[in-house]
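Asks:
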Amino acid sequence: MEEETDTSVSTGAQNGRPQDSKQPPTETDVGGKHRKLAELHRLNQEIRFLEEELEDLDKIDKATSACKEMLLIIENTPDPLLSVTKGPENPAWDRWFEGPVESDGCKCWII
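If you use full-length UniProt numbering, the sequence shown closes out at 111, no skipped numbers anywhere.
#1: Give a yes or no on whether the minimum CB-CB distance between Leu54 and chain B is below 9 angstroms.
#2: Kindly indicate which three-state DSSP category Ile60 falls into: helix, strand or coil?
#3: How long is the line joining the alpha carbons of Leu82 and Ile74, rounded to whole angstroms?
#4: Could you check the C-alpha separation between Lys36 and Arg42 for me, to the nearest Å?
#5: Tell me the DSSP secondary structure of Leu82 in three-state form.
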């Protein structure tokens with residue numbers, strides 16, 4: 001009697017083979033097969049999408065040459081909203097942006 005209970009525990013109650021939690025699914029496991037096929041289909045779609053994106057990128061001109069050309073034009077053209085002078089037109093104008101001369105002077109600075 002003891003031998004029968006030991007063998008039934010080690011071999012499994014239904015099919016006489018040892019039960020292993022890492023056994024591959026049987027042929028009747030349709031859900032697992034469907035899941036794998038769905039995952040494969042999704043990956044194939046992603047591959048097609050990436051290939052199309054690469055083809056589109058090959059058709060686009062190089063952006064770096066256009067950016068370099070634009071930077072050259074911007075750097076060499078003076079800004080029409082900025083004055084061309086190298087300093088203040090009126091030297092007295094700078095006094096508004098300087099701190100007080102004495103330390104006990106007015107604490108109201110513009111900047």
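Cβ atoms here follow ideal geometry from the backbone N, Cα and C, with glycine treated the same way.
Replies: According to the structure data:
#1: Going by chain labels, chain B is absent from the structure shown, which holds only one protein chain.
#2: coil
#3: 14 angstroms
#4: 10 angstroms
#5: coil
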